[in-house]
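In this note's numbering, the protein residues as written are 44 to 456. Every residue, glycine too, gets a C-beta built ideally from N, C-alpha and C.
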Ligand SMILES: NC(=O)c1ccc[n+]([C@@H]2O[C@H](COP(=O)([O-])OP(=O)(O)OC[C@H]3O[C@@H](n4cnc5c(N)ncnc54)[C@H](O)[C@@H]3O)[C@@H](O)[C@H]2O)c1
């Protein structure tokens with residue numbers, strides 16, 4: 044709210060509660076006052092809400108989407124952070140938001156003495172629902188100068204539900220032939236293709252559950268959930284939110300990335316026609332992220348200890364970039380302790396070798412120059428020469444060691 048106010052857009056904020064904080068305040072996760080407020084304004088900027096896993100309250104997020112028929116969930120995925128695995132990702136996932144596995148027909152049955160002997164979930168797709176989400180995706184592509192829409196489905200197995208989605212998508216795609224290209228992918232293949240070649244995607248349109256999973260996956264390609272915004276769009280209301288949830292593992296530590304929420308706010312500004320303010324907000328955010336990342340990359344890389352671990356939530360684990368061993372507490376792309384030791388040893392050896400050879404060459408050159416100097420100035424020149432040679436040795440050692448470390452780190456053992 045402070046950032047949006049600082050942009051100079053005159054908001055008349057109406058703060059309402061939802062989720063667990065609303066249970067504490069009003070005894071229900073979705074108070075009438077919250078619903079009435081959104082109905083009145085047709086607009087909400089929503090923070091993440093906790094939904095207990097398993098038994099308990101039904102998801103407030105899903106309830107809100109269904110209450111206001113927010114059928115289109117738009118989730119842009121764009122590279123901002125420099126130096127990531129991919130630097131040129133710019134795709135949008137459009138997820139059907141009200142049907143499929145999220146309709147709420149999910150129950151257990153008692154058999155004998157076991158009250159949960161059997162569990163069943165039902166997915167519901169309607170022709171109208173498929174039609175409006177696919178049309179939304181093609182219209183979105185047209186409005187935003189996008190070239191292609193990829194329809195992601197599982198019609199080979201879910202022949203009725205996913206089959207209806209694919210069949211309808213094919214009909215709509217025909218209407219846009221010659222204007223917007225389209226292709227189809229089965230969801231498992233799409234998940235793999237996203238990782239190995241994300242540049243082939245432009246706009247992805249898919250059903251509720253697949254869209255949920257693929258958008259978290261895609262956010263991982265550009266720096267994680269802290270950078271993934273989303274918009275829930277309906278005919279009469281729109282709710283903007285970060286893709287991520289309440290992040291209980293890091294909540295309260297002051298380390299959650301606020302960018303996703305701010306990018307969602309930028310989408311809201313676009314939606315209400317404040318295009319200039321939206322792009323100012325995005326520019327400010329990108330500048331802050333790029334500046335923050337590039338400054339320490341030059342000097343920080345030289346000064347930072349080679350073994351410095353990435354900032355990554357304790358308790359999570361990632362594969363070591365070199366040996367592939369799953370290791371707790373390391374960031375993606377980092378090394379486990381054994382590989383760090385090994386790579387540091389080798390990198391130091393290379394650094395020392397290059398530093399010694401170049402320092403000897405420099406010392407030889409200085410000696411030759413000294414000989415041709417008048418005797419009176421030779422003492423000072425010797426001291427300056429010795430200090431320069433030591434500084435040269437140390438700096439060369441450190442820079443070459445750092446470069447060698449990064450190179451060796453990327454060589455899988
Ligand atoms: N739209 C929503 O409100 C929404 C969406 C997803 C999940 N949820 C709810 O949130 C709760 C927690 O779910 P979860 O832990 O599976 O998913 P999550 O999205 O809250 O967190 C997943 C991982 O991403 C990290 N992360 C999330 N946001 C981050 C940020 N801004 N900066 C840095 N790291 C961030 C977390 O630390 C965690 O490791 C559940 O109750 C779930 O139902 C709500």
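Beta-carbon spacing of residue i, residue j below 7 Å
i           : j           : result
residue 444 : residue 364 : no
residue 207 : residue 168 : yes
residue 244 : residue 165 : no
residue 114 : residue 273 : no
residue 452 : residue 386 : yes
residue 122 : residue 136 : no
residue 230 : residue 197 : yes
residue 77  : residue 109 : no
residue 178 : residue 215 : yes
residue 413 : residue 421 : yes
residue 270 : residue 302 : yes
residue 138 : residue 116 : yes
residue 107 : residue 308 : no
residue 46  : residue 320 : no
residue 435 : residue 383 : no
residue 393 : residue 447 : yes
residue 288 : residue 91  : yes
Residue i versus the options, residue with shortest Cα-Cα distance
i           : options               : result
residue 93  : 192, 286 and 139      : 286
residue 125 : 265, 417 and 143      : 265
residue 328 : 213, 155 and 306      : 306
residue 134 : 420, 330 and 258      : 258
residue 149 : 102, 311, 181 and 185 : 102
residue 184 : 84, 247, 87 and 45    : 247
residue 80  : 267, 60, 314 and 433  : 60
residue 151 : 145, 143 and 161      : 161
residue 211 : 425, 175 and 417      : 175
residue 433 : 421, 416, 404 and 454 : 404
residue 241 : 120, 398, 411 and 421 : 120
residue 409 : 139, 227 and 425      : 425
residue 203 : 227, 55, 143 and 220  : 143
residue 146 : 154, 330, 112 and 378 : 112
residue 284 : 370, 292, 455 and 275 : 275
residue 209 : 180, 249, 189 and 221 : 249
residue 55  : 71, 64 and 83         : 83
residue 280 : 158, 236, 163 and 86  : 86
residue 388 : 416, 330 and 441      : 441
residue 427 : 304, 188 and 406      : 406
residue 332 : 300, 195, 378 and 268 : 300
Limits of the unbroken beta strand (DSSP E) element including residue i
i           : result
residue 110 : Where residue 110 is concerned, there is no enclosing beta strand (DSSP E), although the alpha helix (DSSP H) it sits in stretches over 103-110.
residue 152 : 149-154
residue 135 : 133-139
residue 274 : 272-276
residue 162 : 157-164
residue 87  : 86-89
residue 422 : First-last for residue 422: 418-453, but that is the alpha helix (DSSP H), not the beta strand (DSSP E).
residue 369 : 369-371
Residue i beta carbon near ligand 1 (any heavy atom closer than 6 Å)
i           : result
residue 91  : yes
residue 268 : yes
residue 300 : yes
residue 290 : yes
residue 275 : no
residue 104 : yes
residue 110 : no
residue 373 : no
residue 287 : yes
residue 278 : no
residue 94  : yes
residue 284 : yes
residue 332 : no
residue 393 : no
residue 293 : yes
Contact test: residue i Cβ vs ligand 3 heavy atom, cutoff 6 Å
i           : result
residue 196 : Here the bound small molecules are ligand 1; ligand 3 is not part of this structure.
Run of the alpha helix (DSSP H) containing residue i, from where it starts to where it stops
i           : result
residue 303 : 302-314
residue 459 : Since the displayed the chain opens at 44 and closes at 456, residue 459 lies outside it and no answer follows.
residue 284 : Taken as a continuous stretch (DSSP letters only), residue 284 belongs to no alpha helix (DSSP H), being part of the beta strand (DSSP E) at 281-285.
residue 383 : 380-414
residue 130 : Careful: residue 130 lies outside any alpha helix (DSSP H) and carries neither H nor E.
residue 64  : 63-69
residue 292 : First-last for residue 292: undefined, no H or E at that position.
residue 49  : 45-49
TODO: Could you pull out every unbroken beta strand (DSSP E) segment of at least 3 residues lying fully inside the region 184-257, listed in chain order?
DONE: 191-196, 224-229 and 246-249
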